[in-house]
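First comes the structure, then the notes that go with it.
Numbering (the working numbering), first residue to last: 23 to 489.
This is the structure:
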């Protein structure tokens with residue numbers, strides 16, 4: 023039987039529980055009323071300081087932002103908004119000739135078809151680098167032509183029409199990449215358009231955003247560039263100087279810019295750009311513009327994502343490493359001294375990564391010689407023994423690739439003779455003239471497809487996409 027004290031404690035406990043339940047119900051009702059009151063009418067955007075209204079006449083995914091109140095009467099604000107809506111200046115640029123390389127015509131005469139099974143081809147899928155650095159170097163200074171007067175427009179936070187403006191008004195029609203690369207689709211595989219915007223960014227391989235300031239001003243871009251570097255995709259950024267010349271953006275520039283253009287690469291060896299990366303890219307620019315007093319325009323993301331996926335599929339098809347191996351016979355070992363002598367005689371250089379590099383006159387890597395075992399070659403070329411070495415050549419990054427392959431093969435035979443080894447493919451089969459001819463034919467097919475897609479091997483586009 024319960025004592026009087028136990029009964030009193032039970033009653034007090036039940037009463038406290040009931041009081042808590044009643045208190046929670048009252049608080050929930052009060053907060054619900056407060057939320058209904060707050061969201062029952064239009065609120066100003068805290069970051070932009072502008073009233074946001076949705077225009078139902080625009081297609082889904084497009085938002086228009088209008089300046090209201092005192093902001094609408096400011097001539098500087100209106101000018102920044104009008105300039106931000108103007109289409110990007112553009113011009114056609116010929117990408118058919120890769121920088122620092124010369125293509126030979128006989129590499130592109132073969133009819134395109136997907137290469138047959140790669141089981142016999144000594145090729146390797148190239149690694150996909152996870153953290154590419156932001157690129158802030160311009161190929162050359164480009165002077166922007168004077169823009170034509172633009173009628174007053176409403177500033178768009180996200181404008182699906184931007185891609186159409188770029189294509190129809192400035193750059194010409196930009197056909198998409200092929201949706202698939204099967205044998206039946208190869209004949210109709212459309213190329214990437216040869217188009218650049220005035221700053222030097224590539225409208226077909228980069229997601230381009232523009233930031234316009236009401237008036238040129240000196241500001242630090244270090245925080246912005248650091249944030250963009252963490253997105254996981256290469257970003258190129260340029261600023262327009264007062265003299266009309268675009269230059270690569272640095273953390274603390276010496277010049278004031280009236281506008282900026284920033285390009286997020288759509289694909290690289292880590293894959294296609296993702297929705298969250300596009301969102302973070304635009305969000306970072308909106309935040310910076312709110313602090314710096316500028317207006318930002320970003321293209322429609324849905325079309326860009328589809329284009330990025332197709333571009334990535336094409337790049338995966340041609341992203342190949344071709345390799346040959348020189349292996350020791352029986353229990354024989356190669357010495358690093360003998361390898362070093364042969365490599366230096368052939369014009370290769372041992373670099374800090376412990377790998378021998380064959381480079382052209384411009385310093386571009388053509389092929390490499392690596393140790394098959396884990397240890398890199400010592401920098402002095404002494405004190406190492408190994409059972410084999412590997413010659414590698416990065417197919418999409420090398421111009422004039424057939425000739426480079428022949429040079430690599432010739433060096434492979436010479437190295438095998440000097441070391442008393444055997445030249446074999448990745449399957450361990452001896453390399454023959456017949457197998458080399460098959461490899462050359464497949465190389466021509468790879469390069470023909472890349473050329474028809476306006477991504478010539480070793481060219482500026484290829485070096486960015488296959489970095």
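The beta carbon of each residue, even a glycine, is placed where N, CA and C say it ideally should be.
The region 328–347 makes contact with the region 414–430: 3 or more CB pairs, one atom from each, lie closer than 8 angstroms.
Residue 227 places its beta carbon less than 8 angstroms from that of residue 333. Per DSSP, reduced to three states, the secondary structure at residue 44 is helical. Taking a contact as a CB-CB distance under 8 angstroms, the pair residue 278 and residue 231 does not count as one, their CB atoms being some 20 angstroms apart.
Along the length of the region 355–408, whole beta strand (DSSP E) runs at least 3 residues long occupy 378–381, 387–393, reported in chain order. Residue 477 sits in coil when the DSSP states are folded into three classes, being neither helix nor strand. Distance from the CA of residue 434 to the CA of residue 282, rounded to the nearest whole angstrom, comes to 49 angstroms. Cα atoms of residue 221 and residue 261: separation of roughly 8 angstroms, rounded to the nearest angstrom. The secondary-structure analysis by DSSP pairs residue 444 across a beta bridge with 349. A Cβ-Cβ distance of about 5 angstroms is found for the pair residue 380 and residue 389, placing them in contact under the 8 angstroms criterion. Closest by C-alpha distance to residue 447, out of 458, 441, 439, is 458. In the structure shown, residue 276 adopts coil according to DSSP, grouped into three states. Non-local beta-carbon contacts of residue 29 in its own chain, meaning distances under 6 angstroms to residues more than five positions away in sequence, are absent. The beta carbon of residue 378 lies closer than 6 angstroms to those of 365, 370, 372, 391 in the same chain, with the five residues before and after it left out.
Separation of residue 468 and residue 254 (C-alpha to C-alpha, rounded to the nearest whole angstrom) is 28 angstroms. In this structure residue 308 is buried. Its beta-carbon is surrounded by 16 or more other beta-carbon atoms within 10 angstroms. The Cβ neighbour count for residue 297, taken over all protein chains shown within 10 Å, is under 16; the residue is labelled exposed. Our two residues, residue 245 and residue 287, have alpha carbons roughly 20 angstroms apart in a direct line. When DSSP states are grouped into helix, strand and coil, residue 429 belongs to the helix group. In the DSSP assignment, residue 221 falls outside any alpha helix (DSSP H) and carries neither an H nor an E.
For residue 486, the uninterrupted alpha helix (DSSP H) segment begins and ends at 482–487. For residue 412, the enclosing beta strand (DSSP E) starts and ends at 410–416. Between residue 440 and residue 360, the C-beta spacing is below 8 angstroms. Here the C-alpha atom of residue 427 lies approximately 13 angstroms from the C-alpha atom of residue 387.
Here residue 230 is bridged, per DSSP, to 285. A Cβ-Cβ separation of about 5 angstroms places residue 437 in contact with residue 348 under the 8 angstroms criterion. When beta bridges are read from the DSSP output, residue 259 appears opposite 284.
Residue 400 counts as exposed, since fewer than 16 other beta carbons sit within 10 angstroms of its beta carbon. Per DSSP, residue 270 is one residue of the beta strand (DSSP E) stretching across 267–270. Spanning the alpha carbons of residue 323 and residue 241 requires a straight line of approximately 29 angstroms. Membership of residue 302 in the alpha helix (DSSP H) is indicated by the continuous run 297–314. When the alpha-carbon of residue 275 is set against those of 289, 290, 285, 259, the nearest one is in 259. In the three-state DSSP reduction, residue 453 falls in the coil class, being neither helix nor strand. An exposed status is given to residue 363, since fewer than 16 other beta-carbon atoms sit within 10 Å of its beta-carbon. Boundaries cannot be given for residue 252, as no alpha helix (DSSP H) includes it and DSSP labels it neither H nor E.
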